[in-house]
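Going from the sequence shown to the working numbering is simple: count from 1 and add 3.
Where is the CB? At the ideal position from N, CA and C, for every residue including glycine.
Remember, predicted model here, so these are calculated numbers, not experimental data.
Before any comments, here is the structure.
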Amino acid sequence: MESFPASLVLAGAGKMGGAMLRAWLDRGLPPGAISVMDPEPSEAIAKLATDSSFTLNPPTTTAPQVLVLAIKPQALDEAASLAALAGPKTLVISILAGKTIANIRARLPDAGAIVRAMPNLPAAVGRGVAGLAAEPGASTAQRAMAESLMAATGAVVFVDDERLIDAVTAISGSGPAYVFYLAECLAEAGAALGLPAEVAARLARATVEGAGELLFQSRGQTPAQLRESVTSRGGTTAAALEVLTGEDGLAPLIARAARAALRRAEALSG
Ligand SMILES: NC(=O)c1ccc[n+]([C@@H]2O[C@H](COP(=O)([O-])OP(=O)(O)OC[C@H]3O[C@@H](n4cnc5c(N)ncnc54)[C@H](OP(=O)(O)O)[C@@H]3O)[C@@H](O)[C@H]2O)c1
4 MESFPASLVL AGAGKMGGAM LRAWLDRGLP PGAISVMDPE PSEAIAKLAT DSSFTLNPPT
64 TTAPQVLVLA IKPQALDEAA SLAALAGPKT LVISILAGKT IANIRARLPD AGAIVRAMPN
124 LPAAVGRGVA GLAAEPGAST AQRAMAESLM AATGAVVFVD DERLIDAVTA ISGSGPAYVF
184 YLAECLAEAG AALGLPAEVA ARLARATVEG AGELLFQSRG QTPAQLRESV TSRGGTTAAA
244 LEVLTGEDGL APLIARAARA ALRRAEALSG
């Protein structure tokens, strides 16, 4: 990580909070700088606390340099004790889906600055992507700190307008599920072509895994270039792509799905 905070409190060490915690420790954030608050920590987190000696559920804590909110969104309203943890010098990074910067500011009025982030599930394997929006008053150093902490679990993209976080949610936040569904559809199509269901499922899964890995490793090439490189004129891939890129093909379907996700994200953000 580019810069380490002198002190960091992580509120909520569930799936996403736990993944970020592990990534920070792996990248050398000193355990002594970390306090984790979670009323019912998992066994894995309790063991990690013992092994790497960060503080788990300290009885009292002063306002840290960075407070990361990774609790369930609905827990924010009940977590009155969090307000005392956000002092005038505290950068608050919230990953709470559907909670706007104004929602967080109302709960943590003394916070120095607030950055809202929308990560996605592959963060658990260090290959996530997070969209970030900063409160207008956030300093360059605070934005850089938020970027550095979120980058521990993958790529980071800033958006200028917080409202675009709903669009980020519709594309990358929910996106992994779309790709998993693609693997399911591919498996079903294989079975319909006569392959044993198990074989079709293995082929579909390995294809999505391999294509994702190839895309990852081919940093200089766009997805379109990779697609074109495996599509010979008049060949089998071209025959399938003619259907997928047709008027009622995949593009309008994905656009519709993303719009539905956007509408839902907007409704949840209130
Ligand atoms: N998972 C994702 O892919 C994803 C993607 C984007 C954003 N997010 C956001 O990330 C946040 C966490 O999601 P998650 O999937 O990691 O959920 P999770 O696994 O349920 O983790 C939430 C953790 O916070 C703990 N907690 C609840 N109230 C607390 C409090 N007052 N103080 C400290 N800890 C508290 C919970 O404990 P209990 O279990 O005992 O309640 C749980 O361990 C959510 O706000 C979600 O919107 C998640």
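1. Ligand 3 heavy atoms versus the CB of L253: any closer than 7 Å?
2. Would a C-beta distance cut-off of 8 Å place G101 and A264 closer than the cut-off?
3. Closest to G131 by C-alpha separation, out of E138, V160 and A141, would be which residue?
4. Starting from the C-beta of A203, find all residues in its chain whose C-beta is less than 6 Å away, skip the five residues before and the five after it, and write them out in chain order.
5. Which first and last residues belong to the beta strand (DSSP E) in which F161 is found?
6. Does the count of Cβ pairs from the segment 114 to 125 and the segment 159 to 178 closer than 8 Å reach three?
7. A261 and A126 - do their beta-carbons sit closer together than 8 Å?
8. Going along the chain, which residues of its own chain have a beta-carbon closer than 6 Å to the beta-carbon of A136, five neighbours each way excluded?
9. Spatial neighbours of S272 within its chain, please: CB distance less than 7 Å, with the 5 preceding and 5 following residues excluded, ordered by chain position.
10. Select from S10, K18, Q220 and L28 the residue whose C-alpha is nearest the C-alpha of A89.
11. Just to confirm, are V69 and P139 a CB contact at a threshold of 8 Å?
12. Between I37 and Y184, what straight-line distance do the alpha-carbon atoms span, to the nearest angstrom?
13. Which stretch, first to last residue, makes up the alpha helix (DSSP H) that contains S232?
14. Suppose you measure from the CA of G134 to the CA of P67; what does that come to, to the nearest Å?
15. Report the partner residues of R208 according to the DSSP bridge assignment.
16. Compute the minimum distance between the beta carbon of K50 and the heavy atoms of ligand 1, and state whether it is under 7 Å.
17. With a threshold of 7 Å, establish whether the CB of N106 neighbours any heavy atom of ligand 1.
18. May I have the straight-line CA-CA distance separating L124 from T63, to the nearest angstrom?
19. Mind listing which residues have their beta carbon within less than 6 Å of any non-hydrogen atom of ligand 1? Chain order is fine.
20. Taking its Cβ as the centre, do 16 or more other Cβ atoms sit within 10 Å of R25, making it buried, or is it exposed?
21. What residue range is occupied by the uninterrupted beta strand (DSSP E) comprising I74?
22. What distance in whole Å lies between the Cβ atoms of V95 and L2, which are believed to be in contact at a cut-off of 8 Å?
23. Pick from P44, A149, G197 and N106: whose alpha carbon is nearest that of T93?
Looking at the atomic coordinates:
1. Ligand 3 is absent from the structure shown, which contains only ligand 1.
2. In the sequence shown, the residue the question calls residue 101 occupies position 98. In the sequence shown, the residue the question calls residue 264 occupies position 261. No; because the gap between Cβ atoms is not below 8 Å, this pair is not in contact.
3. The residue given as residue 131 occupies position 128 in the sequence shown. Selected option, being the one with the closest Cα: V160.
4. Start at 1 with the first residue of the sequence shown, and residue 203 comes out as number 200. When the five nearest sequence neighbours on each side are left out, the beta carbons in the same chain lying within less than 6 Å of the beta carbon of A203 are those of A190, G193 and A194, in order along the chain.
5. Along the sequence shown, one-based indexing puts residue 161 at 158. For F161, the enclosing beta strand (DSSP E) stretches over residues G157 to F161.
6. Flag = yes, the segment 114 to 125 and the segment 159 to 178 touch.
7. What you label residue 126 is simply residue 123 of the sequence shown in a count that begins at 1. What you label residue 261 is simply residue 258 of the sequence shown in a count that begins at 1. Taking 8 Å as the Cβ cut-off, A126 and A261 do not qualify as a contacting pair.
8. Looking up residue 136 in the sequence shown gives position 133. Cβ contact annotation for A136 (same chain, cutoff 6 Å, sequence separation greater than five): R119, V162, E165 and I168, in chain order.
9. Reading the sequence shown from its first residue, position 269 is the one you call residue 272. If we look at S272 and ignore the five residues flanking it on each side, its Cβ neighbours are G101, T103 and D169.
10. As a working note, residue 89 is residue 86 in the sequence shown. For A89, the nearest C-alpha among the options comes from S10.
11. As a working mapping, residue 69 is identified with position 66 in the sequence shown. As a working mapping, residue 139 is identified with position 136 in the sequence shown. Contact annotation: V69 and P139 have beta-carbon atoms that are not nearer than 8 Å.
12. If you number the sequence shown from 1, residue 37 lands on position 34. If you number the sequence shown from 1, residue 184 lands on position 181. Each residue's Cα considered, the two are about 37 Å apart.
13. Residue 232 sits at position 229 when you count from the first residue of the sequence shown. Segment P226 to S232, the alpha helix (DSSP H) holding S232.
14. Position 131 of the sequence shown, counted from the start, is the residue given in the question as residue 134. Position 64 of the sequence shown, counted from the start, is the residue given in the question as residue 67. Going by the C-alpha atoms only, they are around 23 Å apart.
15. Here residue 208 refers to the residue found at position 205 when the sequence shown is read from its first residue. Note: R208 sits in no beta bridge, so no partner.
16. For the purposes of this step, residue 50 is identified with residue 47 of the sequence shown, where counting begins at 1. Short note on K50: C-beta not closer than 7 Å to any heavy atom of ligand 1.
17. Within the sequence shown, the letter at position 103 stands for residue 106. Relative to ligand 1, the beta carbon of N106 is positioned no closer than 7 Å to any heavy atom.
18. Counted from its first residue, the sequence shown places residue 124 at position 121. Counted from its first residue, the sequence shown places residue 63 at position 60. The alpha-carbon atoms of L124 and T63 are separated by roughly 32 Å.
19. What you get when you keep residues with a C-beta closer than 6 Å to any heavy atom of ligand 1 is A14, G15, A16, G17, K18, M19, G20, M40, D41, P42, E43, A73, I74, K75, P76, A78, A82, I98, L99, A100, M121, P122, N123, L124 and G176.
20. As a first step, residue 25 is located in the sequence shown; it is residue number 22 there, counting from the start. Residue burial is scored here from C-beta neighbours: R25 has at least 16 other C-beta atoms within 10 angstroms and is therefore classed as buried.
21. Taking the sequence shown and counting its residues from 1, the one referred to as residue 74 is at position 71. If you look at I74, you'll find it isn't in any beta strand (DSSP E); DSSP assigns it neither H nor E.
22. Residue 2 lies beyond the residue range present for the chain, which begins at 4 and ends at 273; the question has no answer from this structure.
23. On the sequence shown, position 90 is the one that residue 93 refers to. Comparing Cα-Cα distances from T93 to each of P44, A149, G197 and N106, the minimum goes to A149.
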